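*Asks:* Residue numbers (the numbering used here): 16 to 104.
Glycine included, each C-beta is placed from N, C-alpha and C at the ideal position.
Note that this is a predicted model, so its numbers are computed, not measured.
The structure follows.
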């Protein structure tokens with residue numbers, strides 16, 4: 016049983032975040048479309064297997080240069096929405 020969302024980030028180079036977690040809010044997989052490919056692949060690998068709330072606590076509010084947000088910050092927004100998503104399957 017999983018939860019899944021596709022989130023359209025705002026204010027970043029990435030265009031889409033696709034994230035899946037299990038029914039216990041443990042992240043199963045994350046994919047970014049666009050953005051800094053190598054860095055985002057690294058983030059995706061590092062957070063796989065972590066609890067959603069633990070990831071949000073670490074990346075919420077990170078900024079990219081002078082922007083008010085970043086890809087990690089937008090991932091935190093996506094994870095907040097994922098917490099509310101219905102469990103499927």
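As a quick exercise: from 49, 39, 17, pick the residue whose alpha carbon is nearest that of residue 26.
*Replies:* Nearest of 49, 39, 17 to residue 26, Cα basis: 49.
*Asks:* Taking Cβ to Cβ, would you say residue 76 is nearer than 9 Å to residue 17?
*Replies:* No.
*Asks:* How long is the line joining the alpha carbons of residue 68 and residue 36, rounded to whole angstroms?
*Replies:* Those two C-alpha atoms are separated by around 12 Å.
*Asks:* Can you tell me whether DSSP reads residue 41 as helix, strand or coil?
*Replies:* Residue state, collapsed to three classes: strand.
*Asks:* Would you kindly report the start and end of the unbroken beta strand (DSSP E) that includes residue 21?
*Replies:* Element bounds for residue 21: 17-22.
*Asks:* Which same chain residues, not among the five before or five after residue 28, have their C-beta less than 8 Å away from its C-beta?
*Replies:* The answer, listed in chain order, is 49, 50, 51, 86.
*Asks:* Apart from the five residues just before and just after residue 19, which ones in its own chain have a Cβ nearer than 6 Å to its Cβ?
*Replies:* Within the same chain, residue 19 has close Cβ partners 35.
*Asks:* Helix, strand or coil for residue 70, going by three-state DSSP, please let me know.
*Replies:* Looking at residue 70 - three-state DSSP - the assignment turns out to be helix.
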